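*Asks:* Next up is a structure, given as structure tokens.
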Ligand SMILES: NC(=O)c1ccc[n+]([C@@H]2O[C@H](COP(=O)([O-])OP(=O)(O)OC[C@H]3O[C@@H](n4cnc5c(N)ncnc54)[C@H](O)[C@@H]3O)[C@@H](O)[C@H]2O)c1
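Residue numbers (our numbering): 345 to 740.
So, in structure tokens, the structure goes:
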């Protein structure tokens, strides 16, 4: 079984790499210069085949690496097994309890007797753990963080080491959050339900980078998209983009699908649950499982029936039912494979360059943004990989 998994994982890694030319190019440069030689990296990023390619790059750059997916549902076991076979210390598996996820983060931090020198994070939980117990990690010099939510949270921490936020850049926002997650969220919903979106009322909670992408793609499949917003400014943008904007309760009362995409807890609470039409599909693509208040849902549920993988049918006490996808976790990673490899090529190119840069120079403590130069460099590398040039020579 393990051998089979290792074989499948190696195939998945090769397949992903073939669609990740930017990361592959960075790895070839790093193999020569080995900027991370002597570094120990603890990573906490959803363990997909694309993350596996990033891990291979870090190893090729000279680092010792320990990894966990940091999430209940997204670890791809075959990838984890292939990395273990290659000597990477990987903790966790698909289908963990929250307690096991937390344990995995601790295990990865303790994987090296002297602790990590660099942390790679996705949601800031590993960074927060280090800050809470700073004296246990005396050799940690820096970290990188790649999510919207994590970047926001690290700004609230009292940091005595630098964290590079690999999020607030055009190539991440547009390629990953909007177009990548927009597509993969719809993909996850369709894989889970096999439903027809055309003609359905599809509510997107949040119109940031991710919400906009989900709204665009749902509309592209013929759904009638309704957006709910917390800020007036995003509501204006959603309206000007052509979407209906309603209050959360009014929107929920019409929803055939309700998808949260905010990064904040309690976006869907009892108020909306009480008005959802029977048969509504409820899911989340924001970073954490708390966007849909599962306690409120449980309080209204008489019985839960697992009608198919990733679809828990909640028979409500008042006779209605709602289908909760992926337990309220990230629907694109749980029911699908997460973002396309080509998308993660760009995201991880940014995180890889930020991490490799730490091997050369460690900035001052505090949060640092990826530079506009790196953003432009990654865009240039991606365009080159796509065979596109924007100068006159290409037009000739
Ligand atoms: N599923 C994935 O693969 C994936 C990929 C990228 C980002 N994310 C996550 O998606 C979330 C959103 O990311 P983003 O880049 O769009 O962030 P963003 O900051 O651009 O947008 C979030 C938006 O949600 C709005 N919001 C907050 N609370 C709300 C509420 N109760 N109702 C309606 N709107 C509300 C905010 O005003 C903001 O406009 C984050 O948690 C991020 O980490 C997930």
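Even for Gly, the Cβ is constructed at its ideal location relative to N, Cα and C.
Predicted, not measured: the structure shown is a model, and the values here were computed from it.
Tell me whether residue 683 is buried or exposed, calling it buried when 16 or more other Cβ atoms sit within 10 Å of its Cβ.
*Replies:* buried
*Asks:* On the DSSP bridge list, what partners appear for residue 604?
*Replies:* Partner(s): 549 and 628.
*Asks:* Is there a C-beta anywhere in chain D that falls below 8 Å from the one on residue 509?
*Replies:* Given the protein chain composition of this structure (a single chain), no chain D is represented.
*Asks:* Please list the segments of the beta strand (DSSP E) lying wholly inside the region 665-733, counting only runs of 3 or more residues, in order along the chain.
*Replies:* 665-669 and 710-713
*Asks:* So is the beta-carbon of residue 493 under 7 Å away from any non-hydrogen atom of ligand 3?
*Replies:* Ligand 3 is absent from the structure shown, which contains only ligand 1.
*Asks:* I'd like to check one pair, residue 508 with residue 383: are the Cβ atoms closer than 8 Å?
*Replies:* Cβ atoms of residue 383 and residue 508: not closer than 8 Å.
*Asks:* Less than 8 Å separating the beta-carbons of residue 604 and residue 593?
*Replies:* no
*Asks:* Which whole-angstrom value describes the C-beta separation of residue 512 and residue 495, a residue pair presumed to lie in contact below a C-beta threshold of 8 Å?
*Replies:* 7 Å
*Asks:* Please give the ranges of any alpha helix (DSSP H) in the region 455-522, keeping only runs that are unbroken, at least 4 residues long and fully inside the region.
*Replies:* 469-476 and 492-498
*Asks:* Mapping the DSSP letters down to three states, classify residue 740 as helix, strand or coil.
*Replies:* Annotation note: pLDDT 49 at residue 740 (below 50); position unreliable, coordinate value reported separately. Note: residue 740 maps to coil in three-state DSSP.
*Asks:* Just to confirm, are residue 567 and residue 542 a CB contact at a threshold of 8 Å?
*Replies:* Yes, Cβ-Cβ distance for residue 567 and residue 542 is below 8 Å.
*Asks:* For the alpha helix (DSSP H) containing residue 645, list its first residue and its last residue.
*Replies:* If you look at residue 645, you'll find it isn't in any alpha helix (DSSP H); it sits in the beta strand (DSSP E) that goes 645-652.
*Asks:* Going residue by residue through the region 371-424, where are the continuous beta strand (DSSP E) segments of at least 3 residues, counting only ones entirely within it?
*Replies:* 384-388 and 408-412
*Asks:* Use the C-beta contact count for residue 576: other C-beta atoms within 10 angstroms, 16 or more gives buried, fewer gives exposed.
*Replies:* exposed
*Asks:* If you follow the beta strand (DSSP E) that residue 570 is in, where does it begin and where does it stop?
*Replies:* Annotation for residue 570: the continuous beta strand (DSSP E) segment containing it runs 568-572.
*Asks:* Cβ of residue 385 within 8 Å of Cβ of residue 503?
*Replies:* no
*Asks:* With a threshold of 7 Å on Cβ separation, who are the neighbours of residue 355 within its own chain once the five nearest residues in sequence on each side are excluded?
*Replies:* none
*Asks:* Can you tell me the Cα-Cα spacing of residue 487 and residue 647, whole angstroms?
*Replies:* 44 Å
*Asks:* Pick from 658, 389, 673 and 671: whose alpha carbon is nearest that of residue 468?
*Replies:* 389
*Asks:* Which class does residue 585 belong to by DSSP, given the choice of helix, strand or coil?
*Replies:* coil
*Asks:* If we call anything under 8 Å between Cβ atoms a contact, is residue 651 one with residue 658?
*Replies:* If you check the CB distance, residue 651 and residue 658 do not come in under 8 Å.
*Asks:* From 581, 583, 615 and 587, pick the residue whose C-alpha is nearest to that of residue 596; which is it?
*Replies:* 615
*Asks:* Hey, could you find the ends of the beta strand (DSSP E) residue 541 is sitting in?
*Replies:* Residue 541 -> no beta strand (DSSP E), and no H or E assigned at all.
*Asks:* Just how far apart, CA to CA, sit residue 699 and residue 462?
*Replies:* 8 Å
*Asks:* Would you kindly check if the distance between the Cβ of residue 535 and the Cβ of residue 624 is under 8 Å?
*Replies:* Remark: C-beta atoms of residue 624 and residue 535 do not approach each other more closely than 8 Å.
*Asks:* In this structure, does DSSP put residue 360 in helix, strand or coil?
*Replies:* helix
*Asks:* Where does the unbroken beta strand (DSSP E) through residue 430 begin, and where does it stop?
*Replies:* No beta strand (DSSP E) holds residue 430; DSSP gives it neither H nor E.
*Asks:* What number of angstroms, rounded off, separates the C-alpha of residue 740 from the C-alpha of residue 728?
*Replies:* Because the pLDDT at residue 740 is just 49, under 50, the model does not fix this residue reliably, and the value given afterwards should be weighed accordingly. About 17 Å.
*Asks:* Three-state secondary structure (DSSP) at residue 657?
*Replies:* strand
*Asks:* Cα separation between residue 423 and residue 681?
*Replies:* 12 Å
*Asks:* Nearest to residue 720 by CA position, among 516, 601 and 591, is which residue?
*Replies:* Cα-wise, what sits closest to residue 720 is 516.
*Asks:* Between 733, 692 and 707, which has its C-alpha nearest residue 491's C-alpha?
*Replies:* 692
*Asks:* Give a single yes or no on whether residue 683 has its beta carbon closer than 7 Å to a heavy atom of ligand 1.
*Replies:* yes
*Asks:* For a quick check, are the C-beta atoms of residue 607 and residue 558 less than 8 Å apart?
*Replies:* no
*Asks:* Using a threshold of 8 Å, state whether the C-beta atoms of residue 350 and residue 425 are closer than that.
*Replies:* Yes, the pair counts as a contact, with Cβ atoms nearer than the cut-off.
*Asks:* When you compare only the Cα positions, how much space is there between residue 360 and residue 524?
*Replies:* Residue 360 and residue 524: Cα-Cα distance of roughly 15 Å.
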